[in-house]
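K.L.:
Mind looking over this structure? Questions follow.
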């Protein structure tokens, strides 16, 4: 069964450094998402992306965050200057173009900010 | 997006059938009901989705009464590996974001 893959599985970064989280969505999917989950808390929406542009973003997704689909297969989340509170699991999800198709998630990147 | 209410936790034993009920009193006409499963340190995994009556796949069944104000996820003959958090989500699952609640933590014991 096709799946969403994310790399790295664990990223440790010094506060203030830039980090890029990578995702390879399912190949024929058209809609892409990033979510995050702080330890012990709910899964929270960050951003959705379609047709090479952001379609919706949450309050969490401030100017320090950006997303890109650089080459038609990868989907990346960049955090420009990381803060301690950015420590969380980050999940990428994708879905197909047909209405009512569910989102499929990757297994996440655990981001630890020191 | 319709608000959902589900039990915080449930306990079961291997081999038993588990039913997790979700209340969604303000479900809208074009809302679908979707269930996800999440293991620790993994992403949510899609289990099943439905609009009305009953939907069954290889892992679960979803029962939705005529008024659609609640739904029940049924897991037949659970095993230890079904220990996870189960999320009920209700909304127009077009291209919108998903809004997760706290889910139901299911613990399956030997």
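Residue numbers (my numbering), protein chains in the order written: chain A, 1223 to 1336; chain B, 11 to 120.
C-beta atoms are modelled at their ideal positions from N, C-alpha and C, and glycine is treated no differently.
Model, not experiment: these values are computed from the prediction.
Cα-Cα, which of A:1234, A:1230, A:1226, A:1232 is closest to residue 1254 of chain A?
P.N.:
What you label residue 1254 of chain A is simply residue 32 of the first chain in a count that begins at 1. When each option's Cα is compared against that of residue 1254 of chain A, the closest is A:1226.
K.L.:
Mark residue 62 of chain B as exposed unless 16 or more other C-beta atoms lie within 10 angstroms of its C-beta, in which case mark it buried.
P.N.:
Residue 62 of chain B sits at position 52 when you count from the first residue of the second chain. Answer is exposed; the Cβ neighbour count stays below 16.
K.L.:
Would you kindly work out how many angstroms separate the C-alpha atoms of residue 73 of chain B and residue 90 of chain B, rounded to a whole number?
P.N.:
On the second chain, position 63 is the one that residue 73 of chain B refers to. On the second chain, position 80 is the one that residue 90 of chain B refers to. Here the alpha carbons of residue 90 of chain B and residue 73 of chain B stand approximately 23 Å from one another.
K.L.:
Got a sec: is the Cβ-Cβ distance from residue 44 of chain B to anything in chain A below 7 Å?
P.N.:
On the second chain, residue 44 of chain B is found 34 positions in, with the first residue counted as 1. Closer than 7 Å: yes.
K.L.:
For residue 1326 of chain A, return the contacting residues in chain B, with the cut-off set at a CB-CB distance below 7 Å.
P.N.:
Reading the first chain from its first residue, position 104 is the one you call residue 1326 of chain A. What residue 1326 of chain A touches in chain B: 56.
K.L.:
My guess is that residue 1304 of chain A and residue 1262 of chain A are in contact by the Cβ rule of under 8 Å, so how many angstroms apart are they, rounded?
P.N.:
For the purposes of this step, residue 1304 of chain A is taken as the residue at position 82 of the first chain. For the purposes of this step, residue 1262 of chain A is taken as the residue at position 40 of the first chain. Going by Cβ atoms, the distance from residue 1304 of chain A to residue 1262 of chain A rounds to 20 Å, so no, they are not a contact pair.
K.L.:
On a Cα-Cα basis, can you pick out the residue from B:13, B:26, B:16, B:34 that is closest to residue 75 of chain B?
P.N.:
Numbered from its first residue, the second chain carries residue 75 of chain B at position 65. The option with the nearest alpha carbon to residue 75 of chain B is B:34.
K.L.:
Output yes if chain A places a C-beta closer than 7 Å to the C-beta of residue 53 of chain B; else output no.
P.N.:
Residue mapping note: residue 53 of chain B aligns to position 43 of the second chain, counting from 1. Closer than 7 Å: yes.
K.L.:
Going by DSSP, name the residue or residues bridged to residue 1311 of chain A.
P.N.:
Sequence index remark: in the first chain, residue 1311 of chain A carries index 89 (1-based). Partner(s): A:1259, A:1332.
K.L.:
Three or more C-beta pairs under 8 Å: does that hold for the segment 1240 to 1248 of chain A against the segment 1307 to 1320 of chain A?
P.N.:
yes
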